[in-house]
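The C-terminal position of the sequence shown is numbered 192 in this note's numbering, with every residue numbered one higher than the one before it.
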Amino acid sequence: GGKSMFITFEGGDGAGKTTQIELLKAALEKEGRSVVVTREPGGNAVAEKIRELLLDRASVMEDMTEADLYAAVTKPLGKVILPALARGQVVLCDRFIDSSVAYQGYGRQIGAERVEALNREAVDGCMPERTYLLTLSEQDAAQRVKNRGEVDRIESAGEAFARRVQEGFLRIAAEHPERVVVIDAGRPAEEIARDIAEDVAKLKT
Ligand code: TMP
């Protein structure tokens, strides 16, 4: 039992979203909750192909094409999230609309409002009730991306781009304090997981 929850994880590359999603999933399942993990871009076979195209360093495209493609891969996600919530499940999503606003709206400088409108339409206005924004210092973020090996098209877009993305995320957090919780990701994973679990407990009531 328990009420359905839609929670997203956001932040720059290498901030540890995947680890935190796994830890929260395990904690919730221990309490008997049914948890669905998904990610944007992804969700179905075509979206996975578009994701490959978007991340391939050999792909050359207009910024607006990139924004349109990210919005396109958001669409099938709604079809996964809404039914899961209707079934009373917990949905943990690795990136959602905030990533599009931060990367394409602020990073590529297409404009936050334009990108948000594009994506809200794609998911029928479905928005998370809680978003954890994992933040790292510029140096830590760059180091973690490097440690992971191969750098994708977005990760290789340069320092100024990465800085605009990070500032964009912080602006989103400032504009939506009721939804977005900023988490210092430069700490041990267990400590971060404890903070997140404590906050999730508040959502359940
Ligand atoms: P990741 O989620 O596996 O780290 O990789 C996805 C990459 O795509 C990441 O660099 C962020 C980027 N991205 C956007 O630029 N816009 C979006 O809307 C989303 C969801 C991701």
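Ideal placement from N, C-alpha and C gives every residue a C-beta, glycine not left out.
Buried/exposed call for residue i, threshold 16 Cβ in 10 Å
{"i": "glutamine 126", "result": "exposed"}
{"i": "valine 60", "result": "buried"}
{"i": "proline 70", "result": "exposed"}
{"i": "lysine 4", "result": "buried"}
{"i": "methionine 48", "result": "exposed"}
{"i": "arginine 74", "result": "exposed"}
Residue i beta carbon near the ligand TMP (any heavy atom closer than 7 Å)
{"i": "serine 86", "result": "yes"}
{"i": "aspartate 55", "result": "no"}
{"i": "arginine 26", "result": "yes"}
{"i": "arginine 82", "result": "yes"}
{"i": "glutamine 96", "result": "no"}
{"i": "aspartate 127", "result": "no"}
{"i": "glutamate 142", "result": "yes"}
{"i": "leucine 123", "result": "no"}
{"i": "glutamine 91", "result": "yes"}
{"i": "leucine 42", "result": "yes"}
{"i": "aspartate 50", "result": "no"}
{"i": "aspartate 182", "result": "no"}
Residue i, enclosing alpha helix (DSSP H) - first and last residue
{"i": "tyrosine 119", "result": "Run containing tyrosine 119: none in the alpha helix (DSSP H); it sits in the beta strand (DSSP E), 117 to 122."}
{"i": "arginine 131", "result": "125 to 134"}
{"i": "arginine 26", "result": "Looking at the DSSP string, arginine 26 is not in any alpha helix (DSSP H); the run it does join, the beta strand (DSSP E), is 22 to 26."}
Collapsed DSSP secondary structure at residue i in the structure displayed
{"i": "methionine 51", "result": "helix"}
{"i": "arginine 181", "result": "helix"}
{"i": "glycine 155", "result": "helix"}
{"i": "glutamate 162", "result": "helix"}
{"i": "aspartate 85", "result": "helix"}
{"i": "arginine 174", "result": "coil"}
{"i": "glutamate -3", "result": "strand"}
Minimum Cβ-Cβ distance from residue i to chain C less than 8 Å
{"i": "glutamine 153", "result": "No chain C is part of this structure, which consists of one protein chain only."}
Residue interval of the beta strand (DSSP E) (run including residue i)
{"i": "aspartate 81", "result": "77 to 81"}
{"i": "valine 167", "result": "167 to 171"}
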